[in-house]
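Residue numbers (full-length UniProt numbering), protein chains in the order written: chain A, 1 to 245; chain B, 1 to 245.
For every residue, glycine included, the Cβ atom is placed at its ideal position computed from N, Cα and C.
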DNA sequence: GACTGTGAATTGCTTCACAGCG
DNA sequence: CGCTGTGAAGCAATTCACAGTC
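This is the structure in structure tokens:
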């Protein structure tokens with residue numbers, strides 16, 4: 001797949017494709033651009049302007065251009081971006097061409113839904129194993145995968161070169177599961193349990209807390225209500241915010 | 001991203017408790033502080049230092065103190081914060097004392113899980129209605145609620161003073177559902193569908209895209225892999241990031 | 001002495017505005 | 001002429017460091 005130069009690390013001797021040093025905020029938006037690009041691609045667009053792509057991704061065009069400029073120069077002045085080329089570039093940067101193996105721990109209410117979510121498979125990931133600690137759940141089949149006991153994690157991780165784990169257990173179990181994942185060599189964790197995880201410095205954790213998202217909206221409701229109660233009732237708009245840090 | 005400030009309008013005459021003008025970043029962290037405080041409260045702590053609370057919430061103490069200072073002065077120098085008092089304050093600011101009514105549209109795979117998620121009920125919300133467009137799903141009972149046809153949304157919204165809606169439909173249906181919600185008077189939307197929604201300026205949208213979270217982790221995996229392949233193998237740590245904008 | 005609250009310094013992100021290219 | 005790529009300006013969030021308070 002792609003060749004690639006830019007963003008060489010200070011001491012890089014240039015043999016290995018040095019990894020571009022992207023701002024976190026940009027990284028968090030690349031997946032959204034990718035989604036928009038796939039959509040445009042399916043709609044038959046071969047090229048797209050920064051303005052058009054920005055609209056499809058819900059950002060403004062200056063931000064989009066700056067973000068993409070960090071990846072290198074993949075646009076054509078006077079024309080726009082080549083949709084297919086940009087898709088390849090972003091997928092390469094995100095490491096999606098590798099179809100990473102993901103395991104899911106905790107097959108309760110939410111875990112069940114995640115195990116059956118086809119968005120993972122269609123967007124670059126393979127769920128390769130489901131784990132739970134509850135004996136009653138072991139052996140259950142979900143979407144072609146059998147739920148195994150958490151003790152088997154180490155063995156499966158070795159076989160599948162698991163790098164990403166998803167935690168969908170209750171908060172009380174999450175830290176122990178995170179420890180198990182780390183011990184099994186997992187270096188990225190997506191945590192749905194409402195708690196903070198402690199992990200070694202080389203492990204990345206992202207947290208999604210559904211109640212927190214609602215609470216943030218609740219704040220804005222509260223604010224809007226108190227504003228309309230006031231004299232200068234401006235139409236007072238907050239708007240589309242995407243999750244990401 | 002929300003453009004546009006909140007907070008007291010220039011001419012506010014101050015009769016109504018003017019709404020504090022909090023930075024977005026602070027707002028997004030308040031729910032996490034609240035969760036940590038409830039945890040500490042259950043563990044029997046009556047007071048907590050900024051250091052202790054920061055650790056429990058996964059942030060550093062300077063940030064926490066600055067965040068809380070925006071709410072007013074609820075700490076005692078030399079001692080720390082009163083846990084119960086701070087819980088009340090944050091719940092008030094977030095508008096959680098009102099136990100807001102929430103409806104959920106789309107009772108598929110993910111919607112099912114959300115409907116059954118007790119974290120909503122336990123953290124300030126009442127799910128009061130479930131909707132779907134698929135006739136086969138109408139009438140189904142989940143967690144004591146009956147799935148209704150989306151056409152009933154307007155009537156239910158009026159009865160329950162619905163302000164928040166959750167969209168868990170496929171992307172193809174999401175915009176139409178958003179339009180219906182807006183028409184029914186909903187002014188805050190939590191969107192799980194992988195697409196950008198267009199809504200009036202007074203409506204807030206937050207988006208959660210599960211595949212995007214994994215893709216961000218995938219990027220970090222890719223980066224870590226390419227770094228360890230390089231000479232100066234720094235221990236290269238990114239770490240705990242919470243979702244929020 | 002311990003710990004909060006906060007100005008000042010810093011870092012990072014976004015937006016502007018335009019030069020440069022196709 | 002249209003549109004990208006980017007320095008420079010502007011803004012927001014984080015961190016520092018310490019004065020103020022209990």
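> Hey, does residue 160 of chain B have any beta-carbon neighbour from chain A nearer than 7 Å?
Replying inline: no
> Any idea what DSSP makes of residue 228 of chain A, helix, strand or coil?
Replying inline: helix
> How about residue 191 of chain A and residue 203 of chain A: do their beta carbons lie closer than 7 Å?
Replying inline: no
>> Measuring only the C-alpha atoms, how far is residue 134 of chain B from residue 77 of chain B?
In response: 58 Å
>> Taking only three categories from DSSP, how would you classify residue 26 of chain A?
In response: The three-state reading of DSSP puts residue 26 of chain A in helix, counting H, G and I together.
> When you check each C-beta in the segment 209-223 of chain B against every C-beta of chain A, which residues fall closer than 8 Å?
Replying inline: 209, 210, 211, 212, 213, 214, 215, 216, 217, 218, 219, 220, 221, 222 and 223
>> So that I know if they touch, is there some Cβ in chain B lying closer than 7 Å to that of residue 109 of chain A?
In response: Yes, residue 109 of chain A lies at the interface with chain B (some Cβ there is under 7 Å from its Cβ).
> So the beta strand (DSSP E) residue 80 of chain A belongs to, where does it begin and stop?
Replying inline: 80-82
> Hey, would you say residue 124 of chain A sits closer than 7 Å to residue 96 of chain A, going by beta carbons?
Replying inline: Yes; because the gap between Cβ atoms is below 7 Å, this pair is in contact.
> For residue 198 of chain A, which residues of its own chain have a beta-carbon under 6 Å away from its beta-carbon, when the five flanking residues on both sides are left out?
Replying inline: none
> From what residue to what residue does the beta strand (DSSP E) around residue 129 of chain B run?
Replying inline: 125-132
> How would you list, in chain order, the residues of chain B whose beta-carbon sits under 7 Å from the beta-carbon of residue 40 of chain A?
Replying inline: Think of a sphere of 7 Å around the beta carbon of residue 40 of chain A: no beta carbon from chain B falls inside it, the nearest being about 12 Å out.
> Expressed to the nearest angstrom, what Euclidean distance is found between the alpha-carbon atoms of residue 168 of chain A and residue 79 of chain A?
Replying inline: 45 Å
> Can the beta-carbon of residue 60 of chain B be found less than 7 Å from the beta-carbon of residue 116 of chain A?
Replying inline: no
>> Please give me, in chain order, every unbroken run of the beta strand (DSSP E) with length at least 3 that falls completely inside the UniProt domain "CoA-binding" (95-196) of chain B.
In response: 100-105, 125-132, 145-149, 164-167 and 188-191
>> Going by C-alpha to C-alpha distance, which of A:229, A:194 and A:187 sits closest to residue 201 of chain A?
In response: Answer by Cα proximity: A:187.
> With 7 Å set as the bound, which would you pick, yes or no: does the beta-carbon of residue 175 of chain B sit closer than that to a beta-carbon of chain A?
Replying inline: So no, residue 175 of chain B is outside the interface.
> What are the residues of the segment 74-90 of chain B that lie near chain A, defined by any Cβ-Cβ distance shorter than 8 Å?
Replying inline: none
>> Give me the residue from B:30, B:55 and B:138 with the minimum Cα distance to residue 240 of chain B.
In response: B:55
>> With a threshold of 6 Å on Cβ separation, who are the neighbours of residue 101 of chain A within its own chain once the five nearest residues in sequence on each side are excluded?
In response: 126, 128, 160 and 162
>> According to DSSP, is residue 21 of chain B part of a helix, a strand, or is it coil?
In response: Looking at residue 21 of chain B - three-state DSSP - the assignment turns out to be coil, as it is neither helix nor strand.
>> So, at 8 Å on beta carbons, what are the nonlocal neighbours of residue 214 of chain B in its own chain, with the 5 sequence-adjacent residues on each side left out?
In response: none
>> Please report whether the beta-carbon of residue 186 of chain A lies at a distance below 7 Å from any beta-carbon of chain B.
In response: So, not an interface residue.
> So which residues of chain A does residue 33 of chain B contact, with C-beta pairs closer than 9 Å?
Replying inline: Correct list: empty, because the minimum Cβ distance to chain A is about 11 Å.
>> From the DSSP secondary-structure annotation, give me the bridge partner or partners of residue 56 of chain A.
In response: Partner(s): none; residue 56 of chain A has no beta bridge.
> How would you list, in chain order, the residues of chain A whose beta-carbon sits under 8 Å from the beta-carbon of residue 180 of chain B?
Replying inline: Near residue 180 of chain B there are no residues of chain A at all, since even the closest Cβ is about 18 Å away, more than 8 Å.
> With respect to the beta strand (DSSP E) encompassing residue 204 of chain B, which residues constitute its N-terminal and C-terminal limits?
Replying inline: 204-207
>> On a Cα-Cα basis, can you pick out the residue from A:22, A:63, A:81 and A:70 that is closest to residue 46 of chain A?
In response: A:81
>> Does residue 251 of chain A come out as helix, strand or coil in the three-state DSSP assignment?
In response: Since the first residue shown for chain A is 1 and the last is 245, residue 251 of chain A is missing from the structure and cannot be characterised.
>> In whole angstroms, give me the CA-to-CA distance for residue 120 of chain A and residue 180 of chain B.
In response: Between the alpha carbons of residue 120 of chain A and residue 180 of chain B lies a distance of about 28 Å.
> Quick one: which chain A residues come within Cβ less than 7 Å of residue 113 of chain B?
Replying inline: 109, 110, 112 and 113
>> Checking 7 Å against the spacing of the C-beta atoms, do residue 132 of chain A and residue 107 of chain A come in under that value?
In response: yes
>> On a Cα-Cα basis, can you pick out the residue from B:112, B:212, B:64 and B:193 that is closest to residue 142 of chain B?
In response: B:112
>> Looking at chain B, is there any beta carbon in it that lies within less than 7 Å of the beta carbon of residue 61 of chain A?
In response: no
>> Tell me which residues share the same chain as residue 51 of chain A and place their Cβ nearer than 8 Å to its Cβ, disregarding the 5 neighbours each side in the sequence.
In response: 61
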